[in-house]
Each structure stands twice: as structure tokens, then as C-alpha cells.
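The opening residue of the sequence shown carries number 0 in numbering that gives the first Met the number 0; numbering runs sequentially from there.
Written below as C-alpha cells is the structure these notes are about.
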Amino acid sequence: MPSYRETYQRSLTDPARFWLEAAEAISWYVPPTQALDDSRPPFYRWFPDGRVNTCHNALDRHVDAGRGQQPALIYDSPVTGTQRTYTYQELRDQVALFAGVLAEQGVVAGDRVVIYLPMIPEAVIAMLACARLGAVHSVVFGGFAPTELAIRIDDAQPKVLVTASCGIEGKRVIEYKPLVDRALALARNPPDVTIVLQREQAVALMRKGDLDWAEVMATASPRPCVPVAATDPLYILYTSGTTGKPKGVVRDNGGHAVALAWSMTNIYDVHTGDVWWTASDVGWVVGHSYIVYAPLLIGATTVLYEGKPVGTPDAGAFWRVISEHGVKALFTAPTAFRAIKKEDPLGRALARLDLSRFRTLFLAGERLDPATYDWASRVLGVPVVDHWWQTETGWPICANPRGLDRVPIKPGSPSVPVPGYDVQILDESGRRVPAGVEGAVAIRLPLPPGTLTTLWNADDRYVSEYLSRYPGYYLTGDGGFVDQDGYVYVMGRMDDVINVAGHRLSTGAMEAVLAGHPAVAECAVIGVADDLKGQVPRGLVVLKSGVNTDPDTVCAELVQRVRDEIGAVAALRQVNVVAALPKTRSGKILRRTMRGIADGKDEPMPSTIEDPAVVEALRPVLRSRR
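Listed below in C-alpha cells is the structure:
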């Protein structure tokens, strides 16, 4: 295997040659001769003279190479009791037909299409059909509130909206069409056409301007791929903004395809013909990058899973999918494994299944606490690889590159910077800090291919939110440090660092201590306002199923653990046992929401929340003082 250290250094000292070589893995209509256009900093563009089509690279070229009968997409839906496999040729043909449907509605290169679909094959088909035409898709997580959908419609101004009659969350059927109709009524610039996929779990009422997916597909003519500039946008993906207005992250075609193809082989060690599963949602960046695009770009088989880690039907759901489909590697969030650990702490559900083809577990999305790392490593017996990235970057910033010579894994660290990312730790004045000292995690510009090029219709906001704090750097918003071996430790969002009587303390470090208790399934630490000390930490823990220890005893032990391992300066005095922690649908714990409630604010319910009832149940706990 190539050396990580040599590869990383080459990516920083000669990025032009490095990325032009990586671009050879992609099929181009016009191959690029220039790697980077740096004529308008900080708006850097990759492969400016190249012409490409992302859908061609994901589907057509594999069919043309004779792999048309290889499975491209395995749809596994325990919530509906169905499975379906699409070969590369079948998926290509369906995508070409839906591209015809969109074209008949006037969609051309550069037009936007909003996609509001559940985890079904049609979501992948719609995304790739947009890419086929050179149109720009904006996927909004199915089930988002109408007001949030309306905001995204007004920002993107789509020509067409694609939706389904319903989605299924666990055992709940959520009707989408009433939400869409309300959003269209609220939007100032609604599209003229809505295409609706009818599902048998709930049939939607059709209105003027609505088209039935099955009907329009039956009469559509397939469309070929449209070459576009490598710098043309592929998609807009909205992420929550600090001002309340969501930010539309823009991803281009050429840099995105090159970076994701490189990442699959070099970071994930997944290759043509391997079966890869990302247990996420196409509404999130993880789903865009590693359910849809990256695995198909390299000719792998991708699993699309419509279900939960527990409850569909039990804590063995993930193991069943891995066993049945011969999954080589799984990528999911730590919260999924904490849920499995809570329900089946001994891993009994693994006993009856064959996971002999499974090689690696990749976790990202939240900090991987050592307790979850240890549990997953023990029950699975394969490497557990933490890695770290963001919606904005689109692919990993730090990882343990399994396709290069493998550096050792250090629990608590997402390992080392990925080639292309010049990661630095800066103090408040923008100076680099020594190894072991915490600061702001920043990336020296230019960012590598595949990262955001700007925010949709908001260049000024892109600069002000990401690039102005430290000129010449992209500010990740996370705090952390680098150790003597070059390993990065990401301790959480910078606003999750609390100030206790003048001492800056990481809530992530305290969470790691709480998570190490044998009775704790998952936890969160937040800083709440205190008249004397400014802020004090509060701990909230969920216990493992079957734990018989008295909750008050566990809480006392947790307070003592923090005192022993971090010190009395942490001032953690209150820990509460709760039934559940509030999370987004992507699995992130809503610490900011809990902090606001604890401080007595009228905290609004986030649009991304998975279960609002969890927040309501926590309000009296968070506002209590003892």
C-alpha cells in the first residue's frame, strides 16, 4: 500500500499534480489540464477547463465497461418488508427515463429540482437524473416541517419538486403530501410542477400541477448525459445556520467526483464490486456522498436501508443486513451503535449471523466516545475507524486511511488529516499552538476538491461565516488539538467549550468520562448559566437496558469519576438519568437546545428534531436545580 505520510506530504507540496493524477480515475468529456484556478481567492475552483457528467461516471461508464449486470443498488426496507436489487444497467435505464420526465417539464442544465423523498430507490434515481441533465438537485429530508421546506424552495427556486405520498419512520407513517402542499402555499416562488410517487402505505390527494410518478415514467423517453463544466454546481444541500436562515452548501461536479472516488479506495478501502453500506439518509451529506455518489462512482454495490438500528425489528437489524448482503464495510453514526448497545449490551443478536465478509466499521457524525469504540470493537472483532468531516467539506477531513498503509488507531481521535487537508490548530489571535494545546481547528486554504465552493446566492455569507475569522483559513467551528504524533482530537463545537470560573473546559472530555461508566449507554454534558461561576456543567445520561443499579448511585459515581479524571475544577455536581436524549434525524444530540432550556430561554423546537416529545419530557429536568 502507498505510504500515508508520503501521500499526505505530496498532496500539500504539489497539490496540482496530486489532484490531476487523481482525476484520471474519472471519465471526462474534456480532461482538465489545470488543477486549480486560484485567480479569485478565496473562491478557488478545481479543474476549471474540464467537462464532465457525474451521472455518466456513476452509471453509464460501468455499463459501457461490461459491468451492467453487477448489482448497483440494494434496497432493503424492513419497515415495508421489501427488498429489491437494481443492476447498473437497470438503474441507468430508470435514471435515463426520469431524466426524460424532468426534461419534458422544461428542466435543463443549471435549473434546480427540490427532492423531498424517503429512503427509497426513487430518491437515488431522482438525484442521478438531475445530474444526468446537468440540473442542480436540492434534497430536503423527508418529513421536514412545511415552513423549513418553504424556506429552501424560496432560496433554490426550483422548476420541479419531487416527493412521495408518505415516508415511514420506524412504525409511523408520515404523510408527505399535506406537508408539501402547505410548504407550496407558504413559498413565495413555488414550482409549477410537483411529481408525486404514490406509496401503498398512504395514497396522496393529487392537486392541479401534480403529476403521478408511475404515469409520467410510463410515457417518458430516456435522455442522454449532458456534459457540464467541472465547476458547474451538482447540488445544493442546506445546513442549519446560526442566524436561523439555512445555508445552501454548493458542491461542484468535477472536484466532487474526483474527491469521492479517491476517498472510497484510499480512505475506506472499498473497490469495484465490493458491497458497501452507509446507514444514513439521502437528506444528509453522508447520504449524498456515501449512499449515492461515491460507491457508484467506483463501481461498488451500495445498500439503501429504510429502517432503524433498533426496533425494525430489533437490535440485530444491522447485523442482519451485513450478513444477508455480504457487506464489506459499514459507515454509520456513533449514536446508532449506542442505541444498539443500549438494547443488546452483550451483542447476543450477533451469535446467529455470519459476518465473515465484514471487514471495517466506520463511524462519524458525532464524537466517538471510547466506551462505544471499545464495545463495537469487542462485539464485532473488526477495526472500528472514527473519522471526522462536515456537511461543508463533503468528505473526510481526518480519518484512518485504510487504503494506504494503515496508521495505528488511537481511541478518541479520528486519526490523521486526510491528504489534501492542511489542518492547523490556532489560538484566538490566529497563531498555531504547540502539540497538545487546544484551540480552533482550521484548514489552510485552498480547500481540496469536493468541498463547498460557496453558499448558494450568498458569497458574502460564505466569507463571513467560514473565512473571515482567520484570513487564509477555513474555520471548522470545532475545537481540538493535535498530539505529538500528528493525531487530531476534535473535542466538539467551539460553543460547547464552557467557562467555569475562568477555566475553559471541554464538555466532550467530560462526556468521555461519563460514557466510560459500565451502566451508561449514552450521555451529554451541557454548560448552564451560573451566577457565581459563569457556567457549570450538567450531565444527562441514558442507562443501558437491564441495568439494575440504583440511578442515584450511578449519578453519584459519575460525579466522582469526573472529579477523579478531570479534577474538581470541572465543578460537575448534577447528573440526571433520563429516558432519552433529544437528537436530530441524523443522530446529533441537540446540546444547544438543551442548554437554552436549562438557561430558562423560550427555546424553539429545531426543524431537524427526530422526536419533539423527548424535548418536552426533558424540560422540567433541565430547569431543575439541586
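Beta carbons are placed, not taken as given, at the ideal position from N, Cα and C, and that holds for glycine.
Since we're looking at a predicted model, the values are computed, not measured.
**Message:** Within 10 Å of its beta-carbon, does N547 have 16 or more other beta-carbons around it, so buried, or fewer, so exposed?
**Reply:** Here residue 547 is taken as the residue at index 548 of the sequence shown, counted from 1. By the neighbour-count rule (16 or more Cβ atoms within 10 Å), N547 is not buried but exposed.
Item to complete: Decide yes or no for the touch test of the segment 371-380 against the segment 388-402: beta carbon pairs closer than 8 Å, at least 3 of them.
Response: Contact between the segment 371-380 and the segment 388-402 is absent: fewer than three C-beta pairs spanning the two stretches fall below 8 Å.
Let me check one thing: in DSSP terms, what residues is G49 bridge-paired to? To locate residue 49, count along the sequence shown from 1; it is residue 50. None, per the DSSP bridge assignment.
Under 8 Å, with one C-beta from each stretch per pair, do the segment 169-187 and the segment 262-278 reach the 3-pair mark? Per the Cβ contact rule, the segment 169-187 is not in contact with the segment 262-278 (fewer than 3 Cβ pairs under 8 Å).
Item checked: Beta-carbon contacts of L367 that lie in its chain and below 7 Å, excluding the five residues immediately before and after -> As a working note, residue 367 is residue 368 in the sequence shown. Cβ-Cβ distances below 7 Å link L367 to P333, D385 in the same chain, with the five nearest sequence neighbours on each side left out; the list follows chain order.
Proximity winner among A555, A370, Y469, A338, relative to P581 (alpha-carbon distances)
Taking the first residue of the sequence shown as position 1, residue 581 is located at position 582. Measuring from the Cα of P581, the nearest candidate turns out to be A338.
| said: Suppose you measure from the CA of P382 to the CA of F330; what does that come to, to the nearest Å? | reply: Position 383 of the sequence shown, counting from 1, holds the residue named residue 382. Position 331 of the sequence shown, counting from 1, holds the residue named residue 330. Rounded to whole angstroms, P382 and F330 show a C-alpha spacing of 12 Å.
Worksheet item: How many Å lie between A260 and T277 at the Cα?
Response: Residue numbering aside, residue 260 sits at position 261 when the sequence shown is read from its first letter. Residue numbering aside, residue 277 sits at position 278 when the sequence shown is read from its first letter. A direct Cα-Cα distance of roughly 15 Å separates A260 from T277.
Discussion item. Can you find the residues in the same chain that come closer than 7 Å, C-beta to C-beta, to E609, ignoring five residues on each side of it along the sequence?
Written reply: For the purposes of this step, residue 609 is taken as residue 610 along the sequence shown, with counting starting at 1. So the qualifying residues of the chain are K582, T583, R584.
> When DSSP labels each residue in this structure, what does T241 get in the three-state scheme?
Replying inline: Taking the sequence shown and counting its residues from 1, the one referred to as residue 241 is at position 242. Because the pLDDT of T241 is 48, which lies under 50, any placement of that residue in the model is unreliable, and the question is left without a value.
*asked:* For a test of the three-state rule: what should DSSP assign to R443, helix, strand or coil?
replied: Here residue 443 refers to the residue found at position 444 of the sequence shown. In the three-state scheme derived from DSSP, where H, G and I count as helix and E and B as strand, R443 is classed as strand.
Just to confirm, is the Cβ distance from H287 to L236 under 8 Å? Within the sequence shown, the letter at position 288 stands for residue 287. Within the sequence shown, the letter at position 237 stands for residue 236. Closer than 8 Å, so yes.
Burial state of T475, where buried means 16 or more other Cβ atoms lie within 10 Å: Numbered from its first residue, the sequence shown carries residue 475 at position 476. T475 counts as buried, since at least 16 other C-beta atoms from the protein chains shown sit within 10 angstroms of its C-beta.
- Residue nearest to R590 in terms of C-alpha spacing, selected from A616, E615, R624, G526: Counted from its first residue, the sequence shown places residue 590 at position 591. Closest by alpha carbon: G526.
### Task
Determine contact between the segment 108-126 and the segment 160-167, defined as no fewer than three beta-carbon pairs at a distance below 8 Å.
Enough Cβ pairs lie closer than 8 Å, so yes.
**Request:** Please name the residue in V541, V123, I25 whose C-alpha comes closest to that of C554.
**Result:** To locate residue 554, count along the sequence shown from 1; it is residue 555. Of the candidates V541, V123, I25, the one whose C-alpha sits nearest the C-alpha of C554 is V541.
Review point. What do you reckon, are the CB atoms on F157 and V113 nearer than 8 Å?
Key: Indexing the sequence shown from 1 puts residue 157 at position 158. Indexing the sequence shown from 1 puts residue 113 at position 114. Before going further, note that residue 157 is Pro rather than Phe in the sequence given. The beta carbons of P157 and V113 sit closer together than 8 Å.
Worksheet item: Going by Cα to Cα distance, which pick from I152, C129, A130, K307 is closest to V139?
Response: Residue 139 sits at position 140 when you count from the first residue of the sequence shown. Closest option to V139, Cα to Cα, is I152.
Exercise for review: Hey, could you find the ends of the beta strand (DSSP E) N575 is sitting in?
Suggested key: In the sequence shown, the residue the question calls residue 575 occupies position 576. Element bounds for N575: 573-576.
Could you name the residues of the same chain whose beta carbon sits closer than 8 Å to that of T81, not counting the 5 residues immediately before and after it, in chain order? Sequence index remark: in the sequence shown, residue 81 carries index 82 (1-based). Counting only Cβ-Cβ distances below 8 Å, and skipping sequence neighbours, we find Y74.
| task | Would you mind stating whether L58 and P445 have Cβ atoms separated by less than 8 Å? | result | As a working note, residue 58 is residue 59 in the sequence shown. As a working note, residue 445 is residue 446 in the sequence shown. Going by C-beta atoms, L58 is not nearer than 8 Å to P445.
_Along the chain, where does the beta strand (DSSP E) containing I424 start, and where does it finish?_
For the purposes of this step, residue 424 is taken as residue 425 along the sequence shown, with counting starting at 1. Here the beta strand (DSSP E) through I424 covers 422-425.
* Would the segment 556-566 and the segment 513-527 be scored as touching if the rule is three or more Cβ pairs under 8 Å? -> Taking one beta carbon from each stretch, the segment 556-566 and the segment 513-527 have 3 or more pairs nearer than 8 Å; the two touch.
Quiz item: Taking C-beta to C-beta, are L352 and W318 nearer than 8 Å?
Solution: Position 353 of the sequence shown, counted from the start, is the residue given in the question as residue 352. Position 319 of the sequence shown, counted from the start, is the residue given in the question as residue 318. Going by C-beta atoms, L352 is nearer than 8 Å to W318.
**Per DSSP, the bridge partner or partners of I194** = Residue mapping note: residue 194 aligns to position 195 of the sequence shown, counting from 1. Bridge partners of I194: V161, L210.
Taking the alpha helix (DSSP H) that M509 belongs to, which residues open and close that run? Taking the sequence shown and counting its residues from 1, the one referred to as residue 509 is at position 510. In the DSSP assignment, M509 falls within the alpha helix (DSSP H) that extends over 506-514.
Under DSSP, the beta strand (DSSP E) around A328 begins and ends at which residues?
Locating residue 328 in the sequence shown gives position 329, counting from the first residue. Its beta strand (DSSP E) spans residues 328-331.
DSSP three-state assignment for W283, whether helix, strand or coil: In the sequence shown, the residue the question calls residue 283 occupies position 284. Judged by DSSP in its simplified three-state form, W283 adopts coil rather than helix or strand.
Between P605 and the ligand HEM, is there a pair consisting of the residue's CB and a ligand heavy atom that are separated by less than 7 Å? Of the ligands one can find in the structure shown there are none, so the ligand HEM has no counterpart to examine.
Determine the DSSP secondary structure at F480, reduced to helix, strand or coil.
Translated into positions along the sequence shown, residue 480 becomes position 481. F480 falls in the strand class under three-state DSSP.
Subject >> Residue burial classification, T241 (beta-carbon count within 10 angstroms, cutoff 16) >> reply: Within the sequence shown, residue 241 is the residue found at index 242, counting from 1. At T241 the pLDDT is 48, less than 50, meaning the model places this residue with poor confidence and gives no usable figure here.
Cutting at 8 Å between CB atoms, please list the residues of its own chain near R50, excluding the five before and the five after it. If you number the sequence shown from 1, residue 50 lands on position 51. Here the set comprises W27, Y28, V29, P226, V227, A228, A229.
Classify R624 as buried or exposed, calling it buried when 16 or more other Cβ atoms lie within 10 Å of its own Cβ.
The residue you call residue 624 lines up with position 625 of the sequence shown. With fewer than 16 Cβ atoms within 10 Å of its Cβ, R624 is classed as exposed.
*asked:* Contact defined as beta carbons within less than 8 Å: I believe G133 pairs with G99. What is the distance between those atoms, to the nearest angstrom?
replied: By one-based count along the sequence shown, residue 133 stands at place 134. By one-based count along the sequence shown, residue 99 stands at place 100. For a cut-off of 8 Å, the C-beta gap from G133 to G99 is around 14 Å, too long to register as a contact.
**Q.** Strand pairing of H136, partner residues [DSSP]
**A.** Numbered from its first residue, the sequence shown carries residue 136 at position 137. According to DSSP, H136 bridges with V112, Y234.
- prompt: Are the segment 340-351 and the segment 309-324 touching by the rule of at least three beta carbon pairs closer than 8 Å?
  reply: Judged by Cβ distances under 8 Å, the segment 340-351 makes contact with the segment 309-324, as three or more pairs qualify.
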